[in-house]
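One structure is given below, encoded as structure tokens.
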Ligand SMILES: Cc1ncc(C[n+]2csc(CCOP(=O)(O)OP(=O)(O)O)c2C)c(N)n1
Ligand SMILES: [Mg+2]
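Residue numbers (this note's numbering): 15 to 809.
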């Protein structure tokens with residue numbers, strides 16, 4: 015691929031004809047985005063009376079920025095996160111590029127139509143990053159840039175494709191989200207390059223106008239983190255006015271104008287501007303010479319000529335930064351929310367929508383004929399051929415690959431079995447087993463060479479305490495710059511080698527779990543974004559999955575593929591105390607979409623599941639995988655387990671006799687208590703069964719799937735849990751136990767209408783040892799036996 019071909023050199027922005035076309039494109043995008051929302055709300059039949067919604071004002075404020083970016087600056091290899099509420103503008107841009115259909119746009123916010131907020135999974139290959147939860151899409155670009163560097167420095171990417179820039183078009187309220195600052199700090203530590211955040215600085219969020227004081231701080235924050243900050247405050251008309259006599263006073267007046275007053279005057283229009291400016295500056299003849307000759311409309315146009323609405327200013331700023339190189343850059347582009355629409359500047363305009371009457375006026379001003387609303391050339395004062403030629407010559411329109419901008423990567427072979435630590439007769443925790451297996455893979459020997467090369471690990475300051483240490487010792491820590499391990503150089507004893515280099519394969523993060531999940535999200539999309547396949551593995555303490563949960567769900571929402579290892583978990587981490595004891599994570603694992611969750615008790619199960627995970631995250635119909643592990647050391651059994659059952663979510667440790675009246679089910683590190691209770695139970699109920707649950711998540715999904723299939727006529731559909739339960743008597747009792755919320759298992763009774771006594775903590779834990787805590791929270795052997803007695807009595 016000829017790199018030059020991806021970035022055709024275009025003329026200077028002052029080229030009058032091009033500017034004229036870009037201005038027409040701005041009008042076109044303003045029209046299409048407003049119409050898309052309007053027709054979804056006012057024209058499409060509404061069956062439920064619910065407001066469909068959409069954000070005409072949020073779209074309007076970002077029109078010039080998006081026009082400049084997509085039709086002038088961006089190249090196909092750039093990866094862009096578009097602020098959620100500019101979804102319709104994004105869809106309209108793709109439409110003009112021939113990459114979006116009218117049917118989809120007509121279906122904005124309808125089932126199967128264009129999504130409210132750009133979605134990788136549902137809007138197709140043009141979406142680089144889904145957005146919706148404000149702040150996350152912006153921060154994601156930092157991590158995708160970091161990962162792009164990682165791929166390049168490891169020689170894993172496609173050498174025929176140029177690296178791109180990672181760009182967020184951000185709403186200003188996104189800068190209120192803490193995750194932005196966590197990402198900024200992490201980005202600074204990793205010296206991330208090639209990131210642009212273009213902030214649509216309309217000084218409005220959802221509820222109101224943003225206080226001025228806040229944003230005085232922003233520039234400094236970015237600069238402190240090594241970013242360049244480019245402020246686009248005024249457009250060319252205002253800049254020209256400022257150079258005239260009296261212009262200084264006008265600039266000072268606008269600079270000092272509080273955001274809320276500026277917004278209100280924008281809404282009110284020219285007469286209000288005149289009154290306000292003259293009230294303060296009317297005595298200045300020079301000022302009057304600027305203001306007096308202007309009609310109300312002209313004055314309003316001048317006073318609202320902010321940098322972010324002046325496409326020449328935007329293009330110039332982006333071009334200049336492009337020429338500067340790869341320093342991360344934040345553009346603060348002043349805009350007005352709703353610019354060009356009747357509610358411009360009104361503080362309540364976030365969800366505001368043009369009325370039918372306003373839309374008719376707007377339509378007339380845009381020269382759009384009824385029935386021609388979607389026509390490509392409607393309302394344009396341009397020969398169609400010239401317009402099409404212009405679009406085809408945009409840098410962004412060039413084909414990155416014959417398949418387009420969404421890439422694919424070959425699969426990495428996963429050997430049939432992972433290297434196993436010696437288990438027989440040993441006491442080992444699943445966490446330690448995980449560390450051992452990964453360290454063995456890390457040797458990169460024989461069939462594990464390729465697998466080892468494609469794994470990238472990450473952890474938010476819990477690398478050593480989640481047993482990633484031995485892997486890191488073998489594969490090194492990633493840094494764009496080589497940095498020595500000072501302790502090692504000084505010959506100070508340490509179990510850890512902490513040298514950093516561009517070839518390291520572990521990305522060490524500070525303690526910010528959202529960053530871990532954003533990184534896993536970015537690394538989990540590399541096959542599509544860079545054409546390189548990474549197998550990302552992230553470790554975190556199980557309770558702190560909650561801390562980064564929105565970013566985890568965000569990563570899964572866009573179908574990122576990674577392995578999450580959360581350990582230690584539950585109250586089994588005992589003396590660490592209540593705050594660290596996770597109760598709800600098994601339920602999160604069940605409820606999270608595109609995330610297959612498992613909890614093994616023994617290391618043989620873990621090895622099967624980890625192997626499965628490396629393969630599953632690569633499958634087109636696969637998903638991310640979550641393994642919940644523990645630090646409790648268990649005597650490892652000498653046995654053969656059936657991998658298919660372990661992966662399906664449950665296997666009989668002791669199969670029940672046909673028609674058995676009771677079975678004990680356990681999940682994870684409570685296995686010894688369940689086994690001890692089972693041994694005792696069997697003295698009275700010799701036919702009882704003992705079941706190891708490895709994934710309520712998969713069992714449950716499989717069960718729902720089978721029921722759905724039967725409802726749609728597939729009578730012979732069945733599922734793993736039904737087959738598992740089949741030998742038991744129809745009214746057999748089930749006693750279940752896990753170190754997590756008992757609701758995780760309570761549903762099992764619904765499969766065949768059986769009585770379940772689910773055990774597990776439903777309150778926060780306390781510090782203690784395992785016997786004490788299992789007793790306190792009703793999960794020890796006696797508690798399981800009591801539950802068996804209760805189940806048998808009431809069964
Ligand atoms: C995490 C999160 N919290 C709340 C919301 C609800 N919400 C949607 S838009 C918005 C304000 C957006 O303001 P801004 O980013 O400035 O966008 P714009 O002004 O361009 O519409 C909020 C709070 C959300 N989408 N995500
Ligand atoms: Mg805003």
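Cβ coordinates follow ideal geometry from the N, Cα and C atoms, glycine included. Remember, it's a predicted structure, so these values are computed and weren't measured experimentally.
Any idea what DSSP makes of residue i, helix, strand or coil?
i	result
residue 791	coil
residue 812	Any answer about residue 812 is impossible in this case: the structure gives the chain only from 15 up to 809.
residue 654	coil
residue 469	strand
residue 512	coil
residue 386	coil
residue 457	coil
residue 769	strand
residue 169	coil
residue 476	coil
residue 18	Only weak support exists for where residue 18 lies, its pLDDT of 39 falling under 50; the value from the coordinates is given anyway. Here residue 18 sits in helix by DSSP.
residue 341	coil
residue 495	coil
residue 647	coil
residue 38	helix
residue 218	strand
residue 95	strand
residue 136	helix
Alpha carbon to alpha carbon, what distance is there between residue j and residue i?
i	j	result
residue 212	residue 320	15 Å
residue 19	residue 412	Note that residue 19 has pLDDT 41, beneath the 50 cutoff, so the model's placement of it is unreliable and the number below is only indicative. Their backbone Cα atoms lie some 8 Å apart in a straight line.
residue 646	residue 790	18 Å
residue 243	residue 256	22 Å
residue 450	residue 61	57 Å
residue 719	residue 711	12 Å
residue 316	residue 260	15 Å
residue 798	residue 690	9 Å
residue 480	residue 38	57 Å
residue 78	residue 328	8 Å
residue 361	residue 274	8 Å
residue 343	residue 157	15 Å
residue 46	residue 750	56 Å
residue 612	residue 500	39 Å
residue 405	residue 96	20 Å
Measuring alpha carbon to alpha carbon, tell me which of the options ends up nearest residue i.
i	options	result
residue 191	234, 147, 675, 209	147
residue 745	758, 762, 733	762
residue 55	122, 376, 100, 84	122
residue 766	798, 430, 732, 792	732
residue 664	682, 542, 360, 675	682
residue 70	426, 353, 690	353
residue 68	615, 99, 82	99
residue 323	337, 215, 383, 310	215
Would residue i be called buried (16 or more neighbouring beta carbons within 10 Å of its own) or exposed?
i	result
residue 778	exposed
residue 700	exposed
residue 808	exposed
residue 42	buried
residue 409	buried
residue 289	exposed
residue 468	buried
residue 455	buried
residue 709	buried
residue 130	buried
residue 16	Here residue 16 scores only 39 on pLDDT, less than 50, and its place in the model is too uncertain to base an answer on.
residue 810	Given that the chain is displayed from residue 15 to residue 809, the structure contains no residue 810 and the question cannot be resolved.
residue 464	exposed
residue 498	exposed
residue 755	buried
Please indicate yes or no: does the CB of residue i lie closer than 7 Å to some heavy atom of ligand 4?
i	result
residue 351	Among the ligands in the structure shown, ligand 4 does not appear; only ligand 1 and ligand 2 can be found there.
So with Cβ pairs under 8 Å, would you call residue i a contact of chain C?
i	result
residue 759	Any reference to chain C falls outside this structure, which holds one protein chain only.
- request: Could you tell me which uninterrupted beta strand (DSSP E) segments, each at least 3 residues in length, are contained entirely in the segment 535-621, listed from first to last along the chain?
  value: 549-554, 577-580, 609-612
message: To test your reading of the DSSP string, which unbroken beta strand (DSSP E) runs of 3 or more residues are found completely within the segment 232-303?
response: 242-246
task: Tell me the start and end of each unbroken alpha helix (DSSP H) in the segment 707-778 that is at least 4 residues and wholly inside, in chain order.
output: 710-725, 734-739, 757-760, 762-766
field: Inside the segment 651-699 only - beta strand (DSSP E) runs reaching at least 3 residues
entry: 664-668, 676-681
- request: Taking only runs that begin and end inside the segment 319-363, name each unbroken beta strand (DSSP E) of 3 or more residues, in chain order.
  value: 343-348
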